[in-house]
Amino acid sequence: MQSFPPGGVAAVFGASGGLGRAFVAHLEASGAFDQVFAFSRAGTPPVDVTDEAAVAAAVQMAAEAGPLRLVVNASGFLHDGRFGPEKSWRAIDPAHMARAFAVNAIGPALILKHALPALPRDGKAVAATLSAKVGSIGDNHLGGWHSYRASKAAQNQIVRTMAIELGRKRKEAAVVALHPGTTDTALSAPFGKAGLTVRTPEEAVARLAAVIDRLTPDDNGAFLSHDGSRLPW
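With the numbering used here, letter number 10 in the sequence shown gets 1, and the count goes up by one each step, no holes.
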């Protein structure tokens, strides 16, 4: 992470999840930032990404500690004890869909709403939110997973739309959506398939961090895979 100006601050939302914890550890070990903030519902203070007041206070806390050079949103919802990915349109449930959109689309929108204006006007700054390849409309060949796909597609549109405004105000900054690939986390573990490459959170984050390190303003608004390739919308 040596492409960022020295003396900056990083903030990770969803830091209690597998990828979030790995991001915090990787950024701390990199030595590229003076301080790395780890925000989560289980943290102190507790930060739920669907609670705008909590998100705003977290961004302010990080920005007051130094130039906010990197913001990572690693929060996400695919399944819980009540809801799982739909295999058919018959399984669509309004409460499930509302929860998916709250965490996967509205949450990232709130983080970006408050984080993007807090990015420095000079020097590299990045806001990255973890999306998913299954959120690609152009790449959807299997169907199913309606709530997750739709909420991630909405997140991608939010990134793309906010990037246009960011480009007018922060010429050296970028906001991007990143696909981490299949990782060995609680979110994706029940849905691994034979033949898929499954990486540890640490391996996935190392790849994502390398992508972030290579970002330039020309990548503002991009939807990128963990290998740096662009994904179809």
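Where a beta carbon is used, it is the ideal one built from N, C-alpha and C, also for glycine.
Since we're looking at a predicted model, the values are computed, not measured.
Where the alpha helix (DSSP H) through residue i begins and ends
| i | result |
| --- | --- |
| Q146 | 137 to 160 |
| V94 | Where V94 is concerned, there is no enclosing alpha helix (DSSP H), given that its DSSP letter is neither H nor E. |
| F14 | 9 to 21 |
| A201 | 192 to 205 |
Where the beta strand (DSSP E) through residue i begins and ends
| i | result |
| --- | --- |
| A44 | Looking at the DSSP string, A44 is not in any beta strand (DSSP E); the run it does join, the alpha helix (DSSP H), is 43 to 56. |
| A2 | -1 to 4 |
| A109 | Element bounds for A109: n/a, residue is neither H nor E. |
| F214 | 214 to 216 |
Assigned exposure category for residue i - 16 Cβ within 10 Å defines buried
| i | result |
| --- | --- |
| A185 | At A185, the pLDDT of 49 sits below 50, so the modelled position is not reliable; the number obtained from the coordinates is stated separately. When all chains shown are included, A185 counts as exposed. |
| T173 | buried |
| T191 | exposed |
| L107 | buried |
| G5 | buried |
| F161 | The question names Phe, but residue 161 is Arg in the sequence shown. Label assigned to R161: buried. |
| H137 | buried |
| Q146 | buried |
| R12 | buried |
| V31 | Checking the displayed sequence, the identity of residue 31 turns out to be Ser instead of Val. S31 should be labelled buried. |
| A20 | exposed |
Among the options, nearest to residue i - alpha-carbon criterion
| i | options | result |
| --- | --- | --- |
| D209 | T174, E163, E194 | E163 |
| P153 | A82, V166, P(-3) | Residue 153 is actually Met in this sequence, not Pro. The residue with the shortest Cα to Cα distance from M153 is V166. |
CB-CB length for residue i against residue j, believed under 8 Å
| i | j | result |
| --- | --- | --- |
| V150 | V63 | That pair is no contact at about 13 Å. |
| H300 | V46 | Here the chain covers residues -8 to 224 and nothing more, so residue 300 does not appear. |
| L169 | A119 | 5 Å |
| G126 | A65 | 15 Å between Cβ atoms; not a contact. |
| P223 | D130 | 5 Å |
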